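Residue numbers (the numbering used here): 2 to 117. Presented below is the structure to which this report refers.
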């Protein structure tokens with residue numbers, strides 16, 4: 002089945018962004034994804050559509066960090082946020098770095114091209 006493909010796919014994954022909050026960056030998607038997560042009975046933490054464990058499955062042994070410079074980025078983001086639909090949250094000046102999906106994309110765009 003599909004589980005057998007995971008080891009093969011991991012060879013081509015050099016970083017990932019995972020969300021762990023259905024509220025995420027405050028937007029029109031926040032209440033909807035909170036409701037969807039509740040209806041689906043997703044285990045905490047989740048991004049409103051996927052449990053965090055599903056996302057982290059890409060590289061479970063990686064060092065997941067809450068700063069966008071990290072290759073393995075875990076943030077207080079919902080599923081819409083990880084598509085960069087809501088931009089970066091403005092509170093980075095206050096030391097909040099776990100809601101910066103655009104910064105993660107920007108920091109790792111060249112990395113995706115340069116990796117073997």
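Even glycine gets a Cβ: it sits at the ideal position worked out from N, Cα and C. The model shown is predicted, which means the values in this text are computed figures rather than measured ones.
- Let me know if residue 87 comes out buried or exposed under the rule of 16 or more other beta-carbons within 10 Å of its beta-carbon. In the chain shown, the residue the question calls residue 87 occupies position 86. The residue is buried, with at least 16 neighbouring Cβ atoms inside 10 Å.
- Query: Based on the DSSP secondary-structure assignment, which residues constitute the bridge partners of residue 20?
  - Reply: Here residue 20 refers to the residue found at position 19 of the chain shown. In the DSSP output, where bridge partners are listed per residue, residue 20 has 76.
- How close, in whole Å, do the beta carbons of residue 46 and residue 21 come, if the pair is a contact with beta carbons under 8 Å? In the chain shown, the residue the question calls residue 46 occupies position 45. In the chain shown, the residue the question calls residue 21 occupies position 20. Contact between residue 46 and residue 21 holds: their C-beta atoms lie close to 4 Å from each other, under 8 Å.
- Query: Nearest CA to the CA of residue 78: which residue from 11, 42 and 18?
  - Reply: Along the chain shown, read from residue 1 onward, the residue named residue 78 stands at position 77. Ranking the options by Cα distance to residue 78, first place goes to 18.
- Item | For residue 92, the nearest candidate out of 27, 66 and 60 (CA to CA) | Along the chain shown, read from residue 1 onward, the residue named residue 92 stands at position 91. Relative to residue 92, the option among 27, 66 and 60 whose CA is nearest is 27.
- Message: Rounded to the nearest angstrom, what separates residue 13 and residue 31 at their Cα positions?
- Response: Residue 13 sits at position 12 when you count from the first residue of the chain shown. Residue 31 sits at position 30 when you count from the first residue of the chain shown. Answer to the nearest angstrom: the Cα atoms are 31 Å apart.
- Query: Looking only at its own chain, which residues have a Cβ that is under 6 Å from the Cβ of residue 1, when we skip the five neighbours before and after it?
  - Reply: Here the chain has residues from 2 to 117 only, and residue 1 is not among them.
- Exposed or buried, which one is residue 114 when buried takes at least 16 other CB atoms within 10 Å? The residue you call residue 114 lines up with position 113 of the chain shown. Its pLDDT being 48, under 50, residue 114 is placed unreliably in this model, and the value from its coordinates should be taken loosely. That one is exposed.
- CB-CB under 6 Å to residue 109, same chain, minus the five flanking residues each way: which ones, in chain order? Position 108 of the chain shown, counted from the first residue, corresponds to residue 109. Excluding sequence neighbours, residue 109 sits near 16.
- Query: Looking at the structure shown, is residue 117 part of a helix, part of a strand, or coil, going by DSSP?
  - Reply: Along the chain shown, one-based indexing puts residue 117 at 116. For residue 117, the predicted model reports a pLDDT of 49, less than 50, meaning its position is unreliable; a value from the coordinates is still stated below. Coil.
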